[in-house]
Structure formats: C-alpha cells, structure tokens
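Remarks on the structure that follows.
Numbering (our numbering), first residue to last: 148 to 593.
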C-alpha cells in the first residue's frame with residue numbers, strides 16, 4: 148500500500164505541475180492576444196478616420212474640377228495616392244494572423260500518459276498493464292482482437308478473459324490461459340459489433356494473484372467485400388473482357404492474349420469516348436465496403452514523358468463516358484499510372500474538385516525494369532460518403548476523398564497500347580488490411 152500511495156502521489160504531483168504550466172502558458176498567450184487586439188482596434192479607428200479625410204479631399208477635388216475644368220490637380224492626386232499606399236503598407240491582416248490563439252484541446256489517454264512518465268517507466272509494476280488493443284477487420288466469422296500487455300518478472304501464468312452478454316442477457320466469457328513469456332494474444336470472439344470487457348490477471352510464482360486489469364471495448368462490424376466483375380456489353384469495343392469477367396486488356400495491344408476473352412457482341416450501351424470498362428453493378432449503399440484491384444503492366448515501346456498508362460477508380464453512374472480519360476472526368480475519383488521522367492508513378496484525381504492530389508508515388512524505375520504488378524484496395528462508406536484508396540501490402544492510406552454522391556460504379560481505362568501492355572483485374576481480398584480500422588474510426592478505445 149505504501150508503494151501504491153507513493154506512486155499515486157508522484158502522479159498527482161506530475162499532473163499538477165503540468166496543469167500549472169499549461170495554465171501559465173495559456174494565460175500569457177491570452178494576455179498577449181488581448182493587448183494585440185486592442186492595439187489593432189486603435190489602429191483600425193485611426194485608419195478609418197484617415198480614409199474619411201481622404202474621401203473628403205477626393206470629393207473636393209472632383210467638385211473643383213467640375214467647376215474649373217482647367218485646374219491642375221496632379222499634386223493633390225499624388226498626395227492622396229501616397230497616403231493610401233502608406234495605409235495599405237501597414238498590413239493589418241498579416242498582423243491579425245500573428246495574434247496567438249488558444250489551441251484546441253484534444254483528448255488525452257490517461258493510461259498512455261501515465262505510462263509515458265519517466266518514473267513510471269523505471270518503477271516496478273504492481274499489476275499487469277494492457278498497452279494496446281488492436282482490432283482486425285473481418286468480412287465473416289468471429290471478431291478478431293489482439294490484446295497486448297506489459298508483464299511482470301515474477302509472473303507464473305496469465306489469464307485473459309473477454310466477457311459479454313448474449314441477446315437474452317446471460318454472461319458469455321471467452322477465457323485463455325497463457326504462459327509468462329507471452330506479451331500479446333489474438334482473441335477470437337463470437338460476436339462482431341458487440342461490447343466486451345477485457346480482463347487480464349496474473350498469478351505470481353508464490354501463488355499470489357495480482358489485481359486484475361479491465362478494459363471495455365467494442366468489436367468491429369463486418370467489412371462488406373464487394374465482388375466486382377466487368378460487364379462485356381458496356382466496355383469499349385477495343386477492350387477485351389476475360390471469360391471469368393475479372394480481367395480486362397486492350398485488344399489492339401500486340402502482347403494481349405485474347406484466347407480466353409469474351410466474344411464481341413452488338414451492344415448500344417458501350418463506352419465510346421473512354422477506352423475502358425465498367426463493373427456490372429454499382430457499389431452497394433452500405434458502410435464499410437471494400438474491394439481490391441490488381442494492375443499488371445509491361446513497357447515494351449518508347450513511352451513518352453507524361454504519357455498515361457491506365458486509370459482505376461469510381462465514377463458517378465451515367466457519366467462514365469463524359470471524357471476520354473477517367474482521370475479527366477469531373478464525376479470520378481481515381482488513381483492513375485503515368486510516366487514521370489525515368490519512372491512510372493501512381494497519382495490521384497479528384498474529379499469534382501478538378502484537382503490532382505499533390506502526391507506522386509514512384510512505382511517502377513524504367514532504367515532498371517520494365518514490368519510491375521500493383522495491388523490497390525478501395526474503401527467506400529456510403530453513410531459518411533468517404534472513398535479511400537489503400538495499399539494492402541504496405542497497410543497505408545494512399546488517398547482519401549469525400550464524395551458528393553453514393554451512386555458510384557467501378558471504372559478503369561487503358562491507354563498507350565502501342566507502348567505498354569496493361570491488365571486490370573478485380574481480385575478477391577486474401578486478407579483485409581488493418582488500416583481499414585483507421586478508416587472505420589475503430590481504435591483500441593472503441
């Protein structure tokens with residue numbers, strides 16, 4: 148108990164000291180901001196009076212020239228211009244921007260803050276400590292939650308329990324017994340989007356039990372994996388769709404293998420401007436929709452700088468053929484491959500904003516290699532109207548858009564068939580990337 152009281156006392160002193168420092172800084176910033184605001188107010192009043200006087204002088208000059216048309220007023224006009232320029236040079240706007248503003252207060256995780264204190268890092272723990280809870284996105288089956296903790300030196304065994312209530316109100320518990328060497332465990336829980344209480348407790352070598360640690364969580368809901376397929380009757384006549392309807396290539400490319408391609412049929416729904424293909428269905432109006440696309444390309448000809456290889460993304464239904472390029476369509480959001488100097492780069496397009504995102508990711512060095520495969524993941528939340536492009540391999544978000552419509556359909560375009568062979572394929576996700584938790588706003592405290 149003495150050790151607990153001592154640690155609590157140190158924590159209280161540290162928190163109190165930090166709070167006092169923050170109050171001192173905020174008070175001084177507020178005092179300085181008030182001083183600068185008062186000074187600017189006085190200067191604005193003075194400049195307003197000066198402008199009123201200048202307006203009177205201008206009116207006098209106008210009246211004088213109306214009565215005496217031959218009067219020379221150039222000196223008066225030069226004087227007025229000089230005074231106006233002096234007022235403009237004071238730059239009140241730039242000075243107003245320099246006024247210190249109180250920063251927004253963010254949420255603080257007390258456990259993380261306490262664990263970061265120097266004396267806590269070196270102190271001997273009095274119980275097990277849960278350091279992190281990582282949710283794993285799933286599209287079916289049980290929920291997956293990884294629990295991480297900091298252990299003790301004299302721990303003999305560890306008991307990890309996840310407790311919840313079933314629809315009838317009965318307690319349901321999932322318990323595992325772990326060895327002392329383990330510091331993390333991936334739990335399989337029966338229900339998704341359900342509240343659980345994680346309980347971690349340990350037993351010492353002498354048989355004594357350490358105080359248990361509890362953490363409330365909510366498991367993630369299912370991710371809806373969209374099974375996209377290309378529609379042979381709506382693609383451009385130069386685009387070949389495979390018999391499985393999951394791949395497209397350009398018919399005119401000399402490297403294209405058309406043996407397994409669907410036969411060309413007469414259709415009045417084909418794309419005419421965009422040399423590309425559409426999915427056979429729009430995205431479902433659901434939260435947490437995900438699908439993946441593989442792009443394989445091989446450069447075999449002289450590809451000029453800034454030449455477009457392909458683009459992959461989504462577009463508002465009914466506007467797919469509005470432009471000859473998907474990355475020039477005002478109703479699309481997409482990624483595209485383009486040559487930039489000695490490399491092929493991945494870039495991103497926001498159609499409604501008519502904006503190319505300021506991010507260019509080199510994918511292939513043309514001085515060393517000519518062939519590459521790229522896997523891209525697409526995430527869509529119709530409720531929040533968010534679309535994101537992710538890298539499943541690197542587990543990172545590449546681009547994120549806020550869409551203005553939910554009637555969206557996957558689209559791709561293929562270009563430069565005389566210099567590049569490009570294949571675009573819809574792929575079933577083998578494993579959902581954990582970065583989806585960030586997009587779904589699911590953290591360890593959820």
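Even for Gly, the Cβ is constructed at its ideal location relative to N, Cα and C.
Computed from a prediction, not measured in an experiment: that's the story for all the values here.
Under the 8 Å Cβ criterion, the stretch 579-587 does not count as touching the stretch 455-466, having fewer than three qualifying pairs. Taking 8 Å as the cut-off, the Cβ atoms of residue 426 and residue 557 count as close.
Annotation: the continuous beta strand (DSSP E) that includes residue 571 extends over 567-574. Excluding residues up to 5 positions away in sequence, 283, 285, 333, 335 lie with their Cβ nearer than 7 Å to the Cβ of residue 291 in the same chain. As DSSP reads the structure, residue 305 sits in a beta bridge with 325, 349. Unbroken alpha helix (DSSP H) stretches of 4 residues or longer found wholly inside the stretch 336-412: none.
DSSP, reduced to helix, strand and coil, places residue 585 within a helical segment of the structure shown.
Beta-bridge partners assigned by DSSP to residue 460: 481, 558. Pairing residue 467 with residue 430 gives a Cβ-Cβ distance that is not under 8 Å. A check of alpha carbon separations from residue 438 across 365, 373, 293, 517 identifies 373 as the nearest.
Judged by DSSP in its simplified three-state form, residue 470 adopts coil rather than helix or strand.
According to the DSSP secondary-structure assignment, residue 547 is paired through a beta bridge with 535.
Exclusion of the five residues before and after residue 302 leaves 327, 349 as the residues of its chain whose Cβ lies within less than 6 Å of its Cβ. By the criterion of at least three beta-carbon pairs nearer than 8 Å, the stretch 510-521 is in contact with the stretch 486-496. Approximately 16 Å separates the beta-carbon atoms of residue 543 and residue 534; this is outside 8 Å, ruling out the contact. Around the beta carbon of residue 498, 16 or more other beta carbons lie within 10 angstroms, which makes this residue buried. Close CB contacts of residue 553 within its chain, under the 6 Å cut and outside five residues either way in sequence, are with 432, 529 (chain order).
Residue environment for residue 178: exposed (fewer than 16 other C-beta atoms within 10 angstroms of its C-beta). Within a 10 Å sphere around the beta-carbon of residue 394 sit 16 or more other beta-carbons, which makes this residue buried. Between the alpha carbons of residue 304 and residue 168 lies a distance of about 43 Å.
Note on geometry: alpha-carbon atoms of residue 172 and residue 162 lie some 15 Å from one another. The beta carbons of residue 450 and residue 560 sit no closer together than 8 Å. Residue 173 sits in a helix when the DSSP states are folded into three classes.
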